[in-house]
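What follows is a set of notes on a single structure, which appears directly below.
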Amino acid sequence: MPRPPRLGWRGRSLLAFCLAGSAYALGFALYVVTLPQPFTTLPEDLEGLATFTGGSGRVETALKQVQRGFDGPILISGSHQQSRLTDILALTDTPLTPSQQEHIVYDAAQTTRENVTSLQAWAGYNHISRIGLVTSTYHVPRVRLLALFHARSLSITYLPVQPADPGLRTLFREYNKLIIAPILQ
Numbered sequence: 110m111p112r113p114p115r116l117g118w119r120g121r122s123l124l125a126f127c128l129a130g131s132a133y134a135l136g137f138a139l140y141v142v143t144l145p146q147p148f149t150t151l152p153e154d155l156e157g158l159a160t161f162t163g164g165s166g167r168v169e170t171a172l173k174q175v176q177r178g179f180d181g182p183i184l185i186s187g188s189h190q191q192s193r194l195t196d197i198l199a200l201t202d203t204p205l206t207p208s209q210q211e212h213i214v215y216d217a218a219q220t221t222r223e224n225v226t227s228l229q230a231w232a233g234y235n236h237i238s239r240i241g242l243v244t245s246t247y248h249v250p251r252v253r254l255l256a257l258f259h260a261r262s263l264s265i266t267y268l269p270v271q272p273a274d275p276g277l278r279t280l281f282r283e284y285n286k287l288i289i290a291p292i293l294q
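Taking the working numbering, the leading residue of the sequence shown gets 110, the next gets one more, and so forth.
Structural data, given as C-alpha cells:
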C-alpha cells in the first residue's frame with residue numbers, strides 16, 4: 110500500500126492556518142453564547158457599587174440603583190481625563206439628590222486594567238470587599254479575567270447590562286482584547 114505524500118512547508122503552513130482559524134472561530138462562538146444575561150435584581154449584601162464607563166447603559170444603571178436606595182459608596186471609573194463627576198451626572202437621565210451624590214467618586218482610567226486597579230484601590234480606601242460591578246454583558250469575561258490578576262482580594266458580583274446593540278464589530282474587538290489580556294496584564 111503506497112504511503113500518502115508528505116505535506117511540504119506550504120501544506121503544513123496552510124493546515125496550521127486553518128486549525129488556528131477554526132480554533133479562533135470556535136472560541137468566538139463560545140464567547141458569544143456564554144455571555145451573561147443582564148442582571149435584574151441588585152444583591153442585598155453589597156458594600157459598594159462600581160461601574161466602568163464606555164458602554165451604553167452602564168452609568169445610568171448604577172445611578173438608578175442609587176435612586177432605588179443603595180446607599181453604599183459608588184465608583185464611576187472611566188476614560189475621560191477631562192471629565193468631572195458633575196459632567197457625567199449631567200449627561201444622565203437619572204437625577205440624584207445632593208445627599209445621594211456625595212457617596213459617588215469618579216476616577217479617570219485609560220484602560221480596563223486601570224479601571225480594575227482603581228476599583229481595588231477604591232475598595233481598600235473604603236474598607237469594603239463585596240462590590241457590585243455594573244458593566245456590559247460583553248465586557249464581563251475580560252473584567253473577570255483582569256480582576257483575577259489585579260483585584261483578587263475583592264468579592265465581585267458582576268451586574269451585566271445589555272448595551273443597545275453591541276454589533277459584531279464590538280463583540281470581535283472585545284473577544285480579541287480578551288484573548289490578549291493575559292499577555293498584557
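C-beta atoms are modelled at their ideal positions from N, C-alpha and C, and glycine is treated no differently.
Please read these numbers as outputs of a predicted model, since none were measured by experiment.
Output yes or no for whether 9 Å exceeds the beta carbon distance between GLU156 and GLY181.
Here residue 156 refers to the residue found at position 47 when the sequence shown is read from its first residue. Here residue 181 refers to the residue found at position 72 when the sequence shown is read from its first residue. It is a contact, given that the beta carbons lie within the stated cut-off.
Return helix, strand or coil for PHE258, following the three-state DSSP convention.
Walking along the sequence shown from the start, residue 258 turns up at place 149. PHE258: helix per DSSP, three-state reduction.
For ALA171 versus ILE183, is the C-beta spacing smaller than 9 Å?
For the purposes of this step, residue 171 is taken as residue 62 along the sequence shown, with counting starting at 1. For the purposes of this step, residue 183 is taken as residue 74 along the sequence shown, with counting starting at 1. Yes, the Cβ-Cβ distance between ALA171 and ILE183 is below 9 Å.
DSSP three-state assignment for SER238, whether helix, strand or coil:
For this step, residue 238 is matched to residue 129 along the sequence shown. DSSP places SER238 in coil when its eight states are reduced to three.
I need the straight-line Cα distance from ASP216 to SER227, nearest angstrom please.
The count along the sequence shown starts at 1 and reaches residue 216 at position 107. The count along the sequence shown starts at 1 and reaches residue 227 at position 118. Taking the straight line joining both Cα atoms gives about 7 Å.
Specify whether the stretch 157 to 168 and the stretch 132 to 145 touch according to this definition: at least 3 beta carbon pairs, one from each stretch, less than 8 Å apart.
No, the stretch 157 to 168 does not touch the stretch 132 to 145.
For PRO204, which three-state DSSP category applies?
As a working mapping, residue 204 is identified with position 95 in the sequence shown. PRO204 falls in the coil class under three-state DSSP.
Rounding to the nearest angstrom, what Cα-Cα distance links ILE240 and LEU116 in this structure?
Along the sequence shown, one-based indexing puts residue 240 at 131. Along the sequence shown, one-based indexing puts residue 116 at 7. Computed Cα separation, rounded: 55 Å.
Quick one: grab the DSSP three-state call for LEU151.
Against the sequence shown, residue 151 aligns to sequence position 42. Note: LEU151 maps to coil in three-state DSSP.
Could you name the residues that DSSP lists as bridge partners for PRO269?
Taking the first residue of the sequence shown as 1, we reach residue 269 at position 160. Beta-bridge pairing links PRO269 to THR244.
Whole alpha helix (DSSP H) runs in the stretch 112 to 167 with 4 or more residues, listed along the chain?
118 to 142
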